[in-house]
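Asks:
Written as structure tokens, this is what we have:
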């Protein structure tokens with residue numbers, strides 16, 4: 005298989021997924037096209053062997069899988085976990101502000117975006133509208149590509165020391181979005197969203213609006229060996245997980261892909277990794293409480309999230325020994341404070357899957373004077389007792405509005421995750 009065979013679909017996925025809900029909608033459509041049946045959490049489930057299925061919670065989290073040829077209480081599950089959300093900005097309630105003759109909208113931080121990277125970009129809007137029909141509330145998604153908003157930086161003549169001292173952003177006073185000099189207000193923005201979603205303004209009772217940069221994802225570098233895009237962390241790993249599931253073959257183990265919302269804000273939401281979403285799905289597949297606990301004991305998770313590549317211009321910020329590079333292969337993430345789930349046996353497990361796939365592996369560990377980030381791995385492993393390893397593809401500019409990854413790493417991760425789904429490697433004891 006060619007190294008870049010999945011790349012056009014990845015770029016299209018990134019471009020069509022400015023919110024978690026839109027990402028899940030795109031994934032669900034692809035699963036439907038490949039013969040997966042949608043199960044509703046409110047319905048009774050009765051699933052036999054080798055059945056392809058998916059279920060969606062709150063529009064922005066999805067669990068998809070294929071049941072094994074053996075009961076999961078006996079054979080366990082092979083799980084890939086990732087998250088559908090990414091740092092950014094959301095429009096505040098009562099967002100209208102006016103500064104001089106310019107109308108602006110107040111925004112609220114979501115997660116930890118690199119604030120300065122959002123300035124002087126063509127920004128647009130996507131999200132959900134809560135539609136009321138009599139006494140029934142439902143969601144309608146919308147996405148606008150037209151550049152509507154701007155976070156304008158100060159001129160160097162106003163901030164003379166900016167290049168010397170850095171571009172310092174106050175997240176409250178410097179981030180309101182410029183969008184009109186003609187008296188338009190939030191109601192005009194909401195009307196534009198309604199038009200995009202093809203709904204009547206009077207039917208809208210609530211909304212969630214996210215700011216995004218509609219610049220298209222692209223290949224870059226003189227040899228097209230880089231991927232430049234927003235939302236690589238962590239939609240790229242969502243894409244590898246789904247492709248690995250689609251590429252996997254019949255197996256005794258049940259294969260699951262779990263893509264959760266809310267990782268960037270701690271996972272403690274009704275559809276985050278800290279919820280019981282995965283637990284309830286596994287218990288229903290297992291068919292009973294005892295079988296459920298046996299399944300947890302025999303299952304293995306790969307928690308896939310972006311990893312830090314060594315930055316050529318900031319190499320002193322990285323550990324002198326573990327220095328993962330772009331296009332050098334997937335990364336096993338290690339932390340002795342156990343912010344990652346990678347252990348001796350789970351790291352060996354992933355490395356073995358990589359070796360069987362002909363893929364080289366890299367390692368990431370933080371400097372002792374620089375704490376690492378977090379993933380969904382420890383959240384799920386702590387709550388369920390499922391063995392886990394934390395991995396990711398190396399990338400630069402994580403949490404920037406525009407991130408950078410390696411093209412060949414994407415295909416490499418799909419190969420390793422596909423081997424994981426085969427269930428040919430096990431952990432004893």
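Numbering (this note's numbering), first residue to last: 5 to 433. We treat Cβ as the ideally placed atom computed from N, Cα and C, and that holds for glycine.
1. Along the chain, which unbroken stretches of the beta strand (DSSP E) at least 3 residues long are found entirely within the segment 243 to 293?
2. May I have the straight-line CA-CA distance separating residue 101 from residue 138, to the nearest angstrom?
3. If you count every other CB in all the chains shown that lies within 10 Å of the CB of residue 427, and 16 or more means buried, which is it?
4. Taking the alpha carbon of residue 419 as the reference point, which residue from 346, 334, 322 has its own alpha carbon closest?
5. Use the C-beta contact count for residue 10: other C-beta atoms within 10 angstroms, 16 or more gives buried, fewer gives exposed.
6. I'd like to check one pair, residue 268 with residue 434: are the Cβ atoms closer than 8 angstroms?
7. Give the straight-line distance between the Cα atoms of residue 247 and residue 306, rounded to the nearest whole angstrom.
8. What first and last residue would you give for the alpha helix (DSSP H) that runs through residue 381?
9. Applying the 10 Å Cβ sphere with the 16-neighbour rule, what's the burial state of residue 82?
10. Helix, strand or coil: how does DSSP classify residue 326 here?
11. Please state whether DSSP places residue 37 in a helix, a strand or coil.
12. Taking the beta strand (DSSP E) that residue 98 belongs to, which residues open and close that run?
13. Taking the alpha carbon of residue 150 as the reference point, which residue from 134, 128, 167 has its own alpha carbon closest?
14. May I ask you to report which of helix, strand or coil DSSP gives residue 321?
15. Is residue 103 buried or exposed, if buried means 16 or more other CB atoms sit within 10 Å of its CB?
16. What residue from 343, 227, 198, 237 has the CA that sits closest to residue 383's CA?
17. Could you tell me which of 219, 214, 413 sits nearest to residue 145, measuring between CA atoms?
18. Within a Cβ cutoff of 8 angstroms, which residues of the same chain sit near residue 48, ignoring the five residues on either side of it in sequence?
19. If I follow the unbroken beta strand (DSSP E) through residue 408, where does it start and stop?
20. Around the C-beta of residue 416, are 16 or more other C-beta atoms found within 10 angstroms, so that it is buried, or is it exposed?
21. What does a CB cutoff of less than 7 angstroms around residue 106 pick up in its chain, not counting 5 residues either side in sequence?
22. Roughly how many angstroms lie between the CA atoms of residue 126 and residue 110, to the nearest whole one?
23. Go ahead and label residue 240 buried or exposed: buried means 16 or more other beta carbons lie within 10 angstroms of its beta carbon, across all protein chains shown.
24. Using three-state DSSP, classify residue 295 as helix, strand or coil.
25. Note the first and the last residue of the continuous alpha helix (DSSP H) segment covering residue 17.
26. With burial defined as no fewer than 16 other Cβ atoms inside 10 Å of the residue's Cβ, what is the status of residue 274: buried or exposed?
27. Compute the distance between the beta-carbons of residue 308 and residue 251, then report whether it is under 8 angstroms.
28. What span of residues does the alpha helix (DSSP H) with residue 168 cover, start to end?
29. If residue 424 sits next to residue 238, beta carbons under 8 angstroms apart, how far is it from one beta carbon to the other, in whole angstroms?
30. Do you know offhand how far residue 57's Cα is from residue 271's?
31. Tell me which same chain residues have a C-beta within less than 8 angstroms of the C-beta of residue 160, skipping the five on either side of it?
32. Could you give the DSSP three-state label for residue 172: helix, strand or coil?
33. Looking at residue 346 and residue 394, is the spacing between their C-beta atoms short of 8 angstroms?
34. Could you check whether residue 212 and residue 132 sit closer than 8 angstroms to each other, using their CB atoms as the reference points?
35. Could you tell me if residue 386 is buried or exposed, where buried requires 16 or more neighbouring beta carbons within 10 angstroms of its beta carbon?
36. Going by Cα to Cα distance, which pick from 16, 108, 19, 75 is closest to residue 292?
Replies: In short:
1. 258 to 264
2. 33 angstroms
3. buried
4. 334
5. buried
6. The structure shown has nothing for residue 434, since the chain only spans 5 to 433.
7. 14 angstroms
8. 381 to 388
9. buried
10. coil
11. helix
12. 92 to 103
13. 128
14. helix
15. exposed
16. 343
17. 214
18. none
19. 407 to 410
20. buried
21. 182, 185
22. 17 angstroms
23. buried
24. helix
25. 11 to 19
26. exposed
27. no
28. 166 to 169
29. About 17 angstroms; that fails the 8 angstroms criterion.
30. 24 angstroms
31. 166, 167
32. coil
33. yes
34. yes
35. exposed
36. 75
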